[in-house]
Amino acid sequence: MSVSAKPRRAARPLADLVDSCLGAALAKQGFAGADIVLSWPEIVGEALARRSRPVRIAWPRKPSERKVAGRHAPPPEPATLHVRVESAFALELQHLAPIVIERVNAYFGWACVGRLRLEQGPVRRGAALTKAARPPSPEAVAAAEQIVADVADEGLRAALARLGAAVIDRERGARTKT
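So the mapping is simple: our numbering equals the position in the sequence shown, first residue as 1, plus 713.
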């Protein structure tokens, strides 16, 4: 066997290769920021969510990957969150921008958003904000409590009973509609 004299490059993590290949395609499909859109009322509260909607997150371009001997890579620069807001509420949201940024960053657990960019215009109201979930029927609650009666932890048992009642009620409702 002959050993090649050609120098080999160090192995690169697969995540680096996948990010460069699929990052743009996934971002165009909305996978990069779906959490913020779905959880907007949780993040900013119902009052702000009724008057505003996140449109997109614009990430700064990645700096060229320079390797500094013995140093960690610098943290990524924070993104700009584009928010559509009703024109009458834009000034108030502009004053609340630091609080909104803080809440978004707290939700994600790191400083991912550095600034807000407000786009004034009508805000489309989603069905999730206008339609409140109805409480489960007493029969569903009783059935769920019976199922989780053996769970020792009281908090866990209560949470499982609420979840089970909602699932049982939804399944029974789906059966009666068909």
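Think of the CB as a built atom: it goes at the ideal place given N, C-alpha and C, for glycine as much as any other residue.
Remember, it's a predicted structure, so these values are computed and weren't measured experimentally.
Only exposed fits V880, as fewer than 16 other CB atoms lie within 10 angstroms of its CB.
Here the C-alpha atom of V750 lies approximately 16 angstroms from the C-alpha atom of A760. Counting the other CB atoms within 10 Å of its CB gives G877 a total of 16 or more, which places it among the buried residues.
Approximately 15 angstroms separates the beta-carbon atoms of R769 and R837; this is outside 8 angstroms, ruling out the contact.
Around the beta-carbon of A846, fewer than 16 other beta-carbon atoms lie within 10 Å, marking it exposed.
Here DSSP, grouped into helix, strand and coil, assigns V798 to strand. Per DSSP, R769 is one residue of the beta strand (DSSP E) stretching across 765 to 771. By the Cβ neighbour-count rule, D863 is exposed, with fewer than 16 other Cβ atoms within 10 Å of its own.
In chain order, A878, A879, D882 place their CB closer than 6 angstroms to the CB of P849, counting only its own chain and leaving out the 5 sequence neighbours on each side. Contact between V826 and L794 is confirmed by a C-beta separation of about 5 angstroms, below the 8 angstroms threshold. Per DSSP, reduced to three states, the secondary structure at G886 is helical. A direct Cα-to-Cα measurement between E884 and E790 gives close to 46 angstroms. In the structure shown, G834 falls within a coil segment according to DSSP collapsed to helix, strand and coil. Within the DSSP secondary-structure output, R828 pairs in a beta bridge with T793.
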